[in-house]
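Below: the structure, in structure tokens.
Residue numbers (full-length UniProt numbering): 1 to 36.
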């Protein structure tokens with residue numbers, strides 16, 4: 001993966017995990033930890 005693509009993916013994942021984990025079907029506990 002090229003550096004630019006890596007940065008785009010990294011920023012996208014960070015945004016989702018911080019602001020909208022439920023949009024990706026993720027459930028986090030009160031401490032922000034997810035499980036599968």
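The beta-carbon is built from N, C-alpha and C at its ideal position, and this holds for glycine as well.
Measuring straight from C-alpha to C-alpha, what distance separates residue i and residue j?
| i | j | result |
| --- | --- | --- |
| residue 31 | residue 17 | 13 Å |
| residue 2 | residue 23 | 26 Å |
| residue 5 | residue 11 | 10 Å |
Between which two residues does the alpha helix (DSSP H) harbouring residue i extend?
| i | result |
| --- | --- |
| residue 8 | 3 to 19 |
Does the beta carbon of residue i come closer than 8 Å to any beta carbon on chain C?
| i | result |
| --- | --- |
| residue 24 | Here chain C cannot be found, since the structure has a single protein chain. |
If you drop the 5 nearest sequence neighbours on each side, which residues of the same chain put their C-beta closer than 6 Å to that of residue i?
| i | result |
| --- | --- |
| residue 34 | 26, 28 |
Might you give, ordered along the chain, the residues of its own chain that have their beta carbon closer than 8 Å to the beta carbon of residue i, omitting 5 neighbours on each side?
| i | result |
| --- | --- |
| residue 9 | 1 |
| residue 21 | 27, 28, 34 |
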